[in-house]
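There are 2 protein chains.
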Amino acid sequence: MHDKELEEGRALTPRYDANGLISAIVADEATGEILMLAHMNEDALKRTIETREGWFWSRSRKSLWKKGETSGNVLRVSEMRIDCDQDAVLLKVSVTGDGKTCHTGRRSCFYRTIALGSPKTALSFD
Amino acid sequence: MHDKELEEGRALTPRYDANGLISAIVADEATGEILMLAHMNEDALKRTIETREGWFWSRSRKSLWKKGETSGNVLRVSEMRIDCDQDAVLLKVSVTGDGKTCHTGRRSCFYRTIALGSPKTALSFD
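Below, the structure written as structure tokens:
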């Protein structure tokens, strides 16, 4: 059931979902820390590849956005990878400005841990 | 436009998309390497939290699956985080068996790099 060209080819042929989107993981190029997860449509993917800066599609605002356009925290992309079935990309970046990626003022969006091993669902902060 | 309880609260209240899914990033707990990106519905998330093993929802097969059930490459979850708007989780894992997460036989699904800075869209392999 797997498509050999999709998985073993050298052509970028993204598999967009029903909404025309793929997932984009953003990691710090120096530390590997996961900073955020966002989505890209075809235009955002193209702009990111061409400009080496992170562009995304906002599902809530239904619009294209360049990360850092207002905050100054632009994502400079040094490496970009795509996964086996071409529906997710991984961006290794350095963040300009104050280096905070999350709109809450934190460096990473993943600032809360889920308690494991229990049906309770408590979160704790870093 | 931001929901304070969602972002600053201690309750796990995932924001599932129209298909009832959130994104799940899987990273190696020792090296930080990104291994795969998959999706979870409510049941997969609950099972992962309770069993500390990675469960997901397959969008193509439309079924719940436990990673490693057939391959032996189970994901043992040591840490689980959720992002600011609670629509993505990050799993830090160790992989049992031969340690290969990707169904193509590679350790990570992100084995191809996208050429940057050009409108051409070539991929190169690790």
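In order, the protein sequence lines correspond to chains Y and H. Quick note on the working numbering: the first sequence kicks off at 1 and runs consecutively. Quick note on the working numbering: the second sequence kicks off at 1 and runs consecutively. Where a beta carbon is used, it is the ideal one built from N, C-alpha and C, also for glycine.
- With the criterion set as a beta carbon lying under 9 Å from some beta carbon of chain Y, the members of the stretch 105-116 of chain H are R106, S108, C109, F110, Y111, R112, T113, I114, A115, L116, in sequence order.
- Here the C-alpha atom of A38 (chain H) lies approximately 20 Å from the C-alpha atom of L12 (chain Y).
- Interface residue (Cβ-Cβ distance to chain H less than 9 Å): E69 (chain Y) is not classified as such.
- Interface flag for K46 (chain H) against chain Y is set, since a Cβ pair is found closer than 9 Å.
- Taking 7 Å as the upper bound on Cβ-Cβ separation, chain Y lies near residues S23, I25, A27, G32 of the stretch 18-32 of chain H.
- Under the 10 Å beta carbon count, P14 (chain Y) is surrounded by 16 or more other beta carbons and is classified as buried.
- At a C-beta separation below 9 Å, V77 (chain H) has these neighbours in chain Y: L116.
- Spatial neighbours of C102 (chain H) in its own chain (CB-CB distance under 8 Å, excluding positions within 5 residues in sequence) are listed in chain order as L35, M36, S108, C109, Y111.
- Assignment of K46 (chain H) by DSSP, reduced to helix, strand and coil, places it in the helix class.
- If you draw a straight line from the Cα of G99 (chain H) to the Cα of R76 (chain H), it comes to about 11 Å.
- Boundaries of the beta strand (DSSP E) around L37 (chain H): 34-40.
- Inside the stretch 66-123 of chain H, DSSP marks whole beta strand (DSSP E) runs of 3 or more residues at positions 75-82, 88-95, 112-114, from first to last along the chain.
- Under the 8 Å Cβ criterion, the stretch 46-60 of chain H does not count as touching the stretch 42-49 of chain Y, having fewer than three qualifying pairs.
- Buried is the label assigned to K92 (chain H), since at least 16 other Cβ atoms lie within 10 Å of its Cβ.
- Boundaries of the alpha helix (DSSP H) harbouring K4 (chain Y): 4-8, taken from the DSSP string.
- If the five residues before and after G68 (chain Y) are omitted, its C-beta is found closer than 7 Å to the C-beta atoms of V74, L75, T96, G97, all from its own chain and listed in chain order.
- Under the DSSP assignment, A24 (chain Y) falls in the beta strand (DSSP E) whose first and last residues are 22-28.
- Interface with chain Y (9 Å Cβ-Cβ cutoff): M40 (chain H) is excluded.
- Comparing C-alpha distances from G20 (chain H) to each of H:G9, H:G54, H:K62 shows the shortest one belongs to H:K62.
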